[in-house]
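In UniProt numbering, the protein residues as written are 1 to 160. Backbone N, C-alpha and C define an ideal beta-carbon position, used for all residues, glycine too.
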Amino acid sequence: MALVYVGIGFFYKDKIKELLESELKKYNLAAGIVAVALVIFCWFIYRNGNRLYYFDMKPVYYKELISALLIPCAFGMVFARLVYWMEKINWLDGLNRFLALCGQATIPIMFMHIPLNHWKGAFEYGRVIYVVIGIGIPIVFTLMFNKYKAMRKLFGLPKW
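Listed below in structure tokens is the structure:
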């Protein structure tokens with residue numbers, strides 16, 4: 001399934017770039033309609049504690065293959081337009097830089113979650129601590145070691 005997402009990104013990269021950079025209002029309208037549809041979908045699917053839709057790539061569980069493509073692509077479209085507008089708002093500059101740093105440090109963040117998932121049962125920390133540790137430690141690690149070429153190569157760290 002991951003190869004399908006990579007293929008979509010590769011073959012539609014020009015369309016994705018246009019979606020990220022275009023000033024046309026039709027993209028905003030389409031993203032707004034998709035966002036409302038996703039909110040309604042999520043409300044319907046997850047209300048009253050029910051979980052009618054489940055998608056998890058780790059155990060390779062795909063109940064509905066079409067939904068496994070449509071829903072992530074729909075969220076991607078909405079996020080692309082949100083990123084476009086976030087870049088235009090000056091007072092969000094600090095948040096934009098932090099999110100860019102997180103985007104550049106995805107490999108350390110991804111690998112930090114391997115031991116975190118293992119330790120989750122032993123330490124019984126909640127979701128907030130899980131996110132803070134899972135993002136905070138790799139970001140600090142990246143900031144400390146990104147100036148050394150050997151460390152960048154060894155751990156896949158971005159260069160600034």
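Item, Value
"contact_flag[the segment 5-25, the segment 79-98] where n(CB pairs < 8 angstroms) is 3 or more", "yes"
"Distance between beta carbons of Ile-129 and Cys-102, contact taken as under 8 angstroms", "That pair is no contact at about 17 angstroms."
"As assigned by DSSP and simplified to three states, the class of Gly-136", "helix"
"The ligand HEM heavy atom lying under 7 angstroms from the CB of Val-34", "Questions concerning the ligand HEM fall outside what the structure shown contains, since it holds no ligand whatsoever."
"Coil, strand or helix - Ala-30 by DSSP", "helix"
"Cβ pair count under 8 angstroms reaching 3, the segment 86-98 against the segment 31-41", "no"
"Expected contact under 8 angstroms - CB spacing of Ile-137 and Met-112 to nearest Å", "6 angstroms"
"Extent of the continuous alpha helix (DSSP H) to which Ala-100 belongs", "93-104"
"Between the CA atoms of Glu-124 and Lys-153 - distance to the nearest angstrom", "34 angstroms"
"Spatial distance of Lys-13 from Trp-119 (CA atoms)", "38 angstroms"
"For residue 171, the three-state DSSP class (helix, strand or coil)", "The chain is shown only over 1 to 160; residue 171 falls outside these bounds and no answer can be derived."
"Per-residue burial, Ala-31 [other beta carbons within 10 Å of its own, 16 or more giving buried]", "buried"
"Contacts around Ala-74, its chain only, beta-carbon distance under 8 angstroms, and the 5 residues preceding and following it disregarded", "Val-34, Ala-37 and Leu-38"
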